[in-house]
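Those protein sequences? They're chains A and B, same order as listed.
Every letter in the first sequence is one number past the one before it in my numbering, and letter 286, counting from 1, is 281.
Every letter in the second sequence is one number past the one before it in my numbering, and letter 269, counting from 1, is 264.
Even for Gly, the Cβ is constructed at its ideal location relative to N, Cα and C.
Since the structure comes first, as structure tokens, the remarks are kept for the end.
Protein chains: 2
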Amino acid sequence: MKKIQVGLCGLGTVGTGVVKVLEDHQEQIKHKVGCEIEISKILVSNLEKTRDVVIKQDWLTIDPADLVDNPEIDVIIEVMGGIEDTNQLLERAIRNKKHIVTANKDLMAVHGQKLLRLAKENKCDILYDASVAGGIPILRSLSDGLASDHIQKIMGIVNGTTNYIMTKMTDEGLPFDEVLEEAQALGFAEADPTSDVDGLDAARKMTLLANIAFRMELNLEDVHMVGIRGITQEDINFAESLDYTIKLIGIASMQDGKAEVTVEPTLLPKDHPLALVKNEYNAVYVYGEAVGETMFYGPGAGSLPTATAVVSDLMEVVKNIRLGISGNTYIDPQFDHHLKSDSEKFSRQFIRLEVEDQAGAFQEITNVFSDEKVSFAKILQLPGDREKIAEIVMVTHKISREQLLKSLANLKGLDVVKRLISHYRVDGEE
Amino acid sequence: MKKIQVGLCGLGTVGTGVVKVLEDHQEQIKHKVGCEIEISKILVSNLEKTRDVVIKQDWLTIDPADLVDNPEIDVIIEVMGGIEDTNQLLERAIRNKKHIVTANKDLMAVHGQKLLRLAKENKCDILYDASVAGGIPILRSLSDGLASDHIQKIMGIVNGTTNYIMTKMTDEGLPFDEVLEEAQALGFAEADPTSDVDGLDAARKMTLLANIAFRMELNLEDVHMVGIRGITQEDINFAESLDYTIKLIGIASMQDGKAEVTVEPTLLPKDHPLALVKNEYNAVYVYGEAVGETMFYGPGAGSLPTATAVVSDLMEVVKNIRLGISGNTYIDPQFDHHLKSDSEKFSRQFIRLEVEDQAGAFQEITNVFSDEKVSFAKILQLPGDREKIAEIVMVTHKISREQLLKSLANLKGLDVVKRLISHYRVDGEE
Chain A
-4 MKKIQVGLCG LGTVGTGVVK VLEDHQEQIK HKVGCEIEIS KILVSNLEKT RDVVIKQDWL
56 TIDPADLVDN PEIDVIIEVM GGIEDTNQLL ERAIRNKKHI VTANKDLMAV HGQKLLRLAK
116 ENKCDILYDA SVAGGIPILR SLSDGLASDH IQKIMGIVNG TTNYIMTKMT DEGLPFDEVL
176 EEAQALGFAE ADPTSDVDGL DAARKMTLLA NIAFRMELNL EDVHMVGIRG ITQEDINFAE
236 SLDYTIKLIG IASMQDGKAE VTVEPTLLPK DHPLALVKNE YNAVYVYGEA VGETMFYGPG
296 AGSLPTATAV VSDLMEVVKN IRLGISGNTY IDPQFDHHLK SDSEKFSRQF IRLEVEDQAG
356 AFQEITNVFS DEKVSFAKIL QLPGDREKIA EIVMVTHKIS REQLLKSLAN LKGLDVVKRL
416 ISHYRVDGEE
Chain B
-4 MKKIQVGLCG LGTVGTGVVK VLEDHQEQIK HKVGCEIEIS KILVSNLEKT RDVVIKQDWL
56 TIDPADLVDN PEIDVIIEVM GGIEDTNQLL ERAIRNKKHI VTANKDLMAV HGQKLLRLAK
116 ENKCDILYDA SVAGGIPILR SLSDGLASDH IQKIMGIVNG TTNYIMTKMT DEGLPFDEVL
176 EEAQALGFAE ADPTSDVDGL DAARKMTLLA NIAFRMELNL EDVHMVGIRG ITQEDINFAE
236 SLDYTIKLIG IASMQDGKAE VTVEPTLLPK DHPLALVKNE YNAVYVYGEA VGETMFYGPG
296 AGSLPTATAV VSDLMEVVKN IRLGISGNTY IDPQFDHHLK SDSEKFSRQF IRLEVEDQAG
356 AFQEITNVFS DEKVSFAKIL QLPGDREKIA EIVMVTHKIS REQLLKSLAN LKGLDVVKRL
416 ISHYRVDGEE
């Protein structure tokens, strides 16, 4: 049986891990895919560097053409990162009929749809499970599950850095800035944490998940995105006193052919399974019509989990080659791009206001909400930290985003409302 | 491309679900496996019965030979239940080179190893993911994951009935008997609940999981099995006051080529992800050397989740046929049957004693433990419900089962110890 030849782009910690996993598990892998898999070229930037794995010197090259134009090579594994140059390299590889395995979510979020279409035209696979949640085979589970179920909603913690920060803020009562610094020192957060803490990374991953789950081409600009910078210890404490935990949650849902994708701080009941996902762990809840609720939990990143996920994708690519179904993994969007309007997006909301503590103030505020037909599940009124100032904390029943925005705008017009302190989505309960 | 012909044994709720799923998702399935799949015969006990699905009348038969001896049929799906007769039927089918998909865990727990070996000799697959935890593709995840990782420990809630009972006892403070009756009325527990509440069902599933994860042939008699009948509301309350939740937990672990499999009521920290798995849901934690902790959560049973799992297994069987790797799914045990001895099984323990409330009693008791080098993480002494009787609740540091059994035996020899009320394993914390 023909050996499958692999070109590996990048030999950092993940690349090194891939080499090790392939070597250590040679026999089992052959058993599972029905043929041998062999690395034949590795693209590096420095030929002389000492490596953590035993590598044949003639595997190494600094010329991408030795991989992407090499007729011997069947599959390219891309674990070197980067967006534009890498995209060009992979496009060239695909035109040369090479299958792709990548752990590069930034690339996939920006150029994914184009690359996937190009691959399909060339009857090639692109698998990128390692890019979404390192240790969780969530894309494969979605795409396998989809073959015999309809997915209605996905809800997940898909960014380890923000989940680490929220865990520390909640469990140890520390302020955002301090926890961020600690996370940076520990290597859980990058020097420039913007893409994590502002929700961009999570939004990219939710886009990748929603595209597969709903068979609709959704882009980053379709995602309603709010980060975690504004969350205060008071928000966390109020949420806690109402039996909620605040997490940065990605939600993608589809009804009547219309999709909604959002990444925002969300209050979950304390005993919701996602509320217990701590530190840098990730978890994705999937609601399928037939199967009901399932959840996948695991490390969101890390070089070994990611290397293992890359090898799993590689095995899948090899099986598909042998089954003659390469390129089938990507399914053309079946549904036109339709998003829910604000009047079709429903959720409960947690709202905190600073108000004047005077007769009739409460009445004025509740009038604003009842004008928009917003009703409440819970209301707390508390003395504020200054004289004549009170604080009101409310949790609404399910309302549309339109109702929310109108109510908030009208509140701002009231003299008795000093400040809209914060408002968050509430989810995970009926 | 050759069509794959399927013979379906059984047309109850799961069988009906399989017919529906195959029909509703025909196109997607063809896309994923590279060929068409068609049901050609269905074994039923009554030809005249009205069915919930549209069935061609000539599909139905009451003669098993029309399926298992039928040269046209490639795969047998067994969803009719039963052990001995069903085993004979499947053996005959395998000798006739048919692949098997079954949702029958009782059969697999008793005859699984024999059937799997017979299938391997005949280059046939037997897939049985639907038998372990309906909606969770745990066997496939283990076997796929194993191709590139080593699994060290599996810990799970694998029986929905007992988890439902424990949830109600814990959340609503109801006694075991009352909850069991309610569960029976709701259909979550069988009229004869023995195999669920005594841990047998969970032990069967843990055996199936451990066999795959550790590549060692483990049997039901290798499992240390304790059910939930003895758990009282006091046990639950004491556990709660120490921040633990009691669940019926299956644990399989392997160190230095020696395995341990146990199903027993276990105290977990309240914020452990398994502690939050409620009602009839199942969840399985897997600890892999490379990937670290991952968890799969989903419905443990139900006709639609089970039918979906059966169809997923069927798709896998068809892919394997086309890959020419049928029979490879079953891996011969690589390790000899070695179990940990009692001196090699370590865990923390929760122990409740009724003692005489007199000077020196506490001292006598702690002496018994310190003689066995058992030390404690937590000790509570409380007044008992009768005069001159006190209750002691202890949580030990990690001790061996040998230390536990010796200490308990020595305690029974003390005059001041009136009664050993209960003792449970404690797990899920370091």
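Coil, strand or helix - residue i by DSSP
i: B:Gln108; result: helix
i: B:Tyr282; result: strand
i: B:Pro264; result: strand
i: A:Gly7; result: coil
i: A:Tyr325; result: coil
i: B:Val363; result: helix
i: B:Ser35; result: strand
i: A:Glu288; result: strand
i: A:Ile223; result: coil
i: B:Pro66; result: coil
i: A:Ile231; result: helix
i: A:Arg420; result: strand
i: B:Gly428; result: Missing from the structure shown is residue 428 of chain B; chain B here goes from -4 to 425 and no further.
i: A:Gly355; result: coil
i: A:Ile133; result: helix
i: A:Val48; result: coil
i: B:Pro500; result: Because residue 500 of chain B is not part of the residues shown, which for chain B are -4 to 425, the question remains open.
i: B:Phe371; result: strand
i: A:Val306; result: helix
i: A:Lys273; result: coil
i: B:Asp431; result: The structure shown does not extend to residue 431 of chain B, since chain B is modelled only from -4 through 425, so no value can be given for it.
i: B:Arg381; result: coil
Contact set between residue i and chain A, taken where Cβ atoms lie within less than 7 angstroms
i: B:Arg317; result: Leu318
i: B:Ala142; result: His20, Gln23, Ile24, Lys27, Met310
Residues that residue i bridges to, as DSSP identifies them
i: A:Met211; result: A:Phe330
i: B:Arg414; result: B:Glu349
i: A:Gln250; result: A:Lys253
i: B:Ile152; result: B:Ala278
i: B:Gln376; result: B:Ile387
i: A:Ala242; result: Just to set this straight, residue 242 of chain A is Lys in the shown sequence, not Ala. A:Thr261.
i: B:Ile394; result: B:Ser342
i: A:Val96; result: A:Ile72, A:Leu122
i: A:Ile146; result: A:Gly283
i: B:Thr56; result: B:Leu38
i: B:Ile(-1); result: B:Ile32
i: B:Val127; result: Paired residues: none, contrary to the question.
i: B:Val428; result: Within the shown structure, residues of chain B are numbered from -4 to 425, placing residue 428 of chain B beyond reach of any answer.
Within chain A, partners of residue i - CB distance below 9 angstroms
i: B:Ser236; result: In chain order: nothing, as chain A lies at least about 18 angstroms away.
i: B:Ser307; result: Asp139, Gly140, Ala142, Ser143
Cross-chain neighbours of residue i in chain B, by beta carbon under 8 angstroms
i: A:Asn430; result: The structure shown has nothing for residue 430 of chain A, since chain A only spans -4 to 425.
Cβ-based burial, residue i [other Cβ within 10 Å; buried from 16]
i: A:Val48; result: exposed
i: A:Glu167; result: exposed
i: B:Glu33; result: exposed
i: A:Asn158; result: buried
i: A:Ser338; result: exposed
i: A:Ala285; result: buried
i: B:Ser236; result: exposed
i: A:Arg420; result: buried
Interface partners of residue i on chain B, CB under 7 angstroms
i: A:Leu271; result: Asp266, Pro268, Leu271
i: A:Lys92; result: Within chain B, no residue comes near A:Lys92; the closest Cβ sits about 18 angstroms away, beyond 7 angstroms.
Under 9 angstroms by beta carbon: chain B residues contacting residue i
i: A:Val16; result: Ser143, Asp144, Ala285
Contacts of residue i in chain A (Cβ-Cβ under 8 angstroms)
i: B:Lys314; result: Lys314, Leu318
(request) Return the residues of the region 253 to 266 of chain A that lie within a Cβ-Cβ distance of less than 7 angstroms from chain B, sorted by chain order. (result) Asp266
(message) Which residues of the region 287 to 302 of chain A have a Cβ closer than 8 angstroms to any Cβ of chain B? Give them in chain order.
(response) Gly287, Glu288, Thr289, Met290, Phe291, Tyr292, Gly293, Pro294, Gly297, Leu299, Pro300, Ala302
(message) If the cut-off is 8 angstroms on Cβ atoms, which residues from the region 111 to 137 of chain A count as contacting chain B, listed in chain order?
(response) Gly130, Ile131, Pro132, Ser136
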